[in-house]
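Right, one structure below, let's go through it.
In my numbering, the protein residues as written are 38 to 1075.
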């Protein structure tokens, strides 16, 4: 049955007297919050040595300092006050908190009455739990009987319910499907900054309900979408009853935890038609000058322009006679205009965090001013006229260049707080520092060394060196890091399991890098920068393997040097940099953003960098011993949740992974705040469908703990309590059996949707390319390969885990004609990594001689290459049916009419069995992969330009025959070269930028030598064991 709702009435409450105690408490909390925000802002600028709880608290300090206000100064924050701050002097510690008591019910009612009497628009305050809350001044008629003498009911506003029958406008971009378009404006209020790009709805609302839009008095918009803001600015001049307007940036955050900037650069002149506007907030935008239309707003009393790009203010600013509060925090102002002195009614002025070098004398005329914030500027002195500000109660001038403070300022009669910290008071002018004395060694630049693909060793002296490795890696040896000249080696390993260690939800971003010698200690840390592929989620870290265990190193990311690019004429590589004292194995991975905090018996606050709306509050006495807690956040796509559950209304919040050292229960419940699932607000939420799930990371089970978690919700957040750390997940769904659904979705989060490609080169159908890649990259990959390759459509979508092994089997008369370590009995082994190419190219041939074309297939199976498959089964299938994932067709032409059927070359074998050799089949496989690099390889092999031009002209229409002619032309001249021919081929491939082919040739040679050695053992002709090779070598990890 449809829920019955009471009609909504807008209640205008008369002004009621407040007790002096309540007034003092409200004022104290507001001042306390501003003071704490300024302390955090000072931390960010390095002016004070207070240890922050987390980097996220520092990042959000500016937001807290310039917190949204409304017409009636709703700065009053009912959250628990952070009134105890622990000052640290070295070790990493967190800010501790003492949760303050909330206002009692009587105080809240009186405060609501007082605010409603001052203005009929909506206030923005706090829910008391650290999150923003929209306080609705519209009360239900059945709850206003006691206030009937002070209230009157007007026409009801439609409720925010999904059960109404009004049609929705489908093209409306940002609103969730559960919110109807014509139900958004409620009681003269319109808050669209809770939806990303919500400003784009304004035009649709104006077309849909223009009468209700004209009655709006309170509007909040986000400015992160430029097109949406431009559309909204075209509607705003029609809202002539508007009293409060906010167009702000920093309302939403990306996956890295960085706030999205506001894109507002100006306001149209038609904004001056909003003659009733009293409150305007344009913070966190890109305004470079004050919009002239603002000077025509006669009733404007609060103007917030924090964190813009203002360099100067117009002299006409003094014409805003009604202005009571002006905030210009965080701009680029170098001076204030004299017109500021004409703002005779101004009570609060904040110009901190600018570039002011002086203040105008006219500021002494601001007789109503009681708060002046001018900290973090470049002020060298204060004007004597400030002694005329007899109403001034708060003066913050810390972090300037003041050497004296006028006595007339210190003796102001009502001055209760004077903050002059971080000023050189009483000190003489600081003389310029003498030039540093440097030795001749320090004056010389550190030498640079650029290595080629075939250079796997280098030497470094005590003078230091910048070493640039092929592939983009960089090494920085500072001066004095070693005592003498040391010989180093490097190697780029294949991403096998023994070189890679991945945790839950980690992704490999590059090939492992090995640096030799292992264990050699440096006098100074050496910077190691490893290249990695781009990732759009999580944080990038470097992991190190020392031969026994893995460790995660502190990592910074940057672009490589402009003088070194791993691709010709390409951009420098993305680098993950760390400092080490010893060389070993290094690998770059992406993991969920990890935030940590040290919790002492005094409590702490931990805020996620990924989503600042996720907070953990540790009350005092929750632990008797100091412990380290870690928070990781895993974002969940709404579409994926709905697809897997089959519930179009299902939604889930980010997954929280909580851990601690030591792992013991807390003595008091820890309060956890998370955003509500996507598309839901406190008004549209059915609480009976909201679940808190607890996950066991070992058993991979999920349990519904909603009844035990003390769950309650606010407008934007859900808050619950826990006593031990594990995995927690907030879900909204109509299904009753929730644990099994959550387990299924969680397992899917670890998997990738992939597809397989099997393509044949157009010029040679026996050259086959195999690749496994995420399904969202398939179309782009096919487009890039379509010029030279052709084949069947990609396989159906399959699911694979990061680092999962699989293999491709050539079946139904097709075999692989190559000796490769990763190929056995027609099976080619792979390991899937989502950010790597997962590509292999082989030369195939018919398994048995037969007439006519061969219609075979390639099948993909999970796991390692099987060794227990019966022989009769292996003739048809290359793997177990239970491990099968996909099969794609593969057709070969007639064996007698193929590309090489008319070849007249004699059989070729390069090298010798003892040192390794390449057969004619091996050379064919190599030639098929040379492609457009044939000329560069031919030059490095020693072929003349005339010979290469002759080959090119002879086979100008057939690249495959051209490459084959070039390679066999060189090979025929090397038949008597013995063991030196194969190394020359490998060196030419490396010099031409084809290390992949050189590695393949090396693997083939090593395999041939091993087979030759085994054959000698079988016939009793085993060679004598050579002495161990001298030099520095690294032992591979077990």
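No residue lacks a Cβ here, since even glycine has one placed at the ideal position from N, Cα and C.
If you reduce the DSSP assignment to three classes, tell me which class residue i lands in.
i            : result
residue 647  : coil
residue 601  : coil
residue 538  : coil
residue 339  : strand
residue 159  : Summary for residue 159: the model assigns pLDDT 36, below 50, so the residue's position carries little reliability, and this model does not support an answer.
residue 926  : strand
residue 103  : Because the pLDDT at residue 103 is just 42, under 50, the model does not fix this residue reliably, and the value given afterwards should be weighed accordingly. It is coil, neither helix nor strand.
residue 596  : strand
residue 665  : strand
residue 640  : strand
residue 889  : coil
residue 680  : helix
residue 445  : helix
residue 988  : helix
residue 1092 : Residue 1092 lies beyond the stretch modelled for the chain, which goes from 38 to 1075, so this question has no answer here.
residue 784  : helix
residue 964  : helix
residue 874  : coil
residue 415  : coil
residue 712  : strand
residue 632  : strand
residue 820  : helix
Tell me, which residues are paired with residue i by DSSP?
i           : result
residue 801 : 798
residue 410 : 387, 433
residue 732 : 739, 764
residue 566 : 511, 614
residue 18  : Absent from the structure is residue 18, since the part of the chain shown begins at 38 and ends at 1075.
residue 899 : 843
residue 296 : 290
residue 727 : 769
residue 228 : 257
residue 921 : 898
residue 791 : 811, 835
residue 994 : Residue 994 pairs with nothing; no bridge assigned.
residue 652 : 644, 710
Buried or exposed: where does residue i fall if 16 or more other Cβ atoms within 10 Å of its Cβ makes it buried?
i            : result
residue 774  : exposed
residue 575  : buried
residue 1002 : buried
residue 608  : exposed
residue 413  : buried
residue 551  : buried
residue 662  : exposed
residue 641  : buried
residue 698  : exposed
residue 483  : exposed
residue 814  : exposed
residue 102  : Bear in mind that a pLDDT of 43 at residue 102, under 50, signals an unreliable position, so the number given afterwards is only what the model happens to contain. Residue 102 comes out buried.
residue 465  : exposed
residue 549  : buried
Tell me, to the nearest whole angstrom, how far the beta carbon of residue i is from that of residue j; I am working on the premise that it is less than 8 Å.
i           : j           : result
residue 838 : residue 822 : Contact flag wrong, Cβ pair sits at about 26 Å.
residue 363 : residue 340 : 5 Å
residue 760 : residue 703 : 5 Å
residue 347 : residue 383 : The pair is not a contact, with the Cβ atoms about 17 Å apart (cut-off 8 Å).
Is there a Cβ from chain B that is less than 9 Å from the Cβ of residue i?
i            : result
residue 1024 : Of the protein chains in this structure there is only one, and it is not chain B.
Contact between the stretch 613-627 and the stretch 555-571 is defined here as three or more beta-carbon pairs at a separation below 8 Å; is this criterion met? yes
Sufficient close CB pairs (3 or more, under 8 Å) joining the stretch 579-594 to the stretch 608-615: yes
Check whether the stretch 1033-1050 and the stretch 988-999 touch, using three or more Cβ-Cβ pairs below 8 Å as the test. no
Three Cβ pairs or more, each shorter than 8 Å: is that satisfied between the stretch 482-496 and the stretch 803-813? no
For the stretch 893-908 and the stretch 918-925, state whether three or more C-beta atom pairs, one from each stretch, are separated by less than 8 Å. yes
Cβ contact (3+ pairs, closer than 8 Å) linking the stretch 717-729 and the stretch 670-685: no
Any 3 or more C-beta pairs closer than 8 Å across the stretch 826-834 and the stretch 955-968: no
Touch check for the stretch 303-313 and the stretch 342-351: three-plus C-beta pairs under 8 Å? no
Is it a yes or a no for the stretch 280-288 touching the stretch 238-252, going by three-plus beta-carbon pairs under 8 Å? no
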